[in-house]
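Participant: With our numbering applied, the sequence shown covers 265 to 375.
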Amino acid sequence: MAQPVSSGSGVIWGVSTGGTSAVGASPEQTGDALIGYRQQVLPHLTLTSQLGVNGNYVFAPGDGLHSALTPELKLTVDLAKAADLPWQASLDLGLARKLPLVATGDPVPGF
Numbered sequence: 265m266a267q268p269v270s271s272g273s274g275v276i277w278g279v280s281t282g283g284t285s286a287v288g289a290s291p292e293q294t295g296d297a298l299i300g301y302r303q304q305v306l307p308h309l310t311l312t313s314q315l316g317v318n319g320n321y322v323f324a325p326g327d328g329l330h331s332a333l334t335p336e337l338k339l340t341v342d343l344a345k346a347a348d349l350p351w352q353a354s355l356d357l358g359l360a361r362k363l364p365l366v367a368t369g370d371p372v373p374g375f
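#1: Fully enclosed by the segment 284-337, which beta strand (DSSP E) runs are 3 residues long or longer?
#2: Reducing DSSP to helix, strand and coil, say where Leu349 ends up.
#3: Determine the extent of the beta strand (DSSP E) in which Ser273 is found, giving its start and end residues.
#4: So which of Leu329, Ala289, Trp277 has the shortest CA-CA distance to Pro364?
#5: Evaluate Thr310 with the Cβ neighbour count: other Cβ atoms within 10 Å of its Cβ, from every protein chain shown; 16 or more gives buried, anything less gives exposed.
#6: Which word fits Gln314, buried or exposed, when buried means at least 16 other C-beta atoms lie within 10 angstroms of its C-beta?
#7: Can you give me the Cβ contacts of Gly358 inside the same chain, cut-off strictly under 8 angstroms, excluding the 5 residues immediately before and after it?
#8: Three or more beta-carbon pairs under 8 angstroms between the segment 299-306 and the segment 279-286, yes or no?
#9: Expressed to the nearest angstrom, what Euclidean distance is found between the alpha-carbon atoms of His280 and Ser331?
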């Protein structure tokens, strides 16, 4: 599920889930969520800031849950609108940092 890409400025969001299973491999379940804000700076220039959370669980001994938080800032130039072209063309420049979220079974001192 997600908000349509062509919806213009404002809040953007998306949620997805899936999984894999193969012969000789461990089954895996995945999930992703995204929330952000898109702002049109100029008629052909859009700035998007978003925060994504993704995770997967591998059903295997010694593996398990893996998750990450990814903040991203993206600048999109609509080349077709800028040059009045009859087809769609865009240039996306993004800056993101994937931050792993680590959970351990060790108790936190003081809690």
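Backbone N, C-alpha and C fix where the C-beta goes; we use that ideal spot for every residue, glycine too.
Facilitator: Taking the definition as stated:
#1: Listed in chain order, the beta strand (DSSP E) elements of length 3 or more contained wholly in the segment 284-337 are 292-306, 309-322.
#2: Three-state DSSP puts Leu349 in coil, outside helix and strand.
#3: Annotation: Ser273 is outside any beta strand (DSSP E) and is labelled neither H nor E by DSSP.
#4: Leu329
#5: buried
#6: The Cβ neighbour count for Gln314, taken over all protein chains shown within 10 Å, is at least 16; the residue is labelled buried.
#7: Within its own chain, the residues whose Cβ lies closer than 8 angstroms to the Cβ of Gly358, once the five positions on either side in sequence are excluded, are Glu336, Leu337, Lys338, Leu339, listed in chain order.
#8: no
#9: The identity of residue 280 in the sequence shown is Ser, whereas the question assumes His. Using only the alpha carbons, I get a separation of about 14 angstroms.
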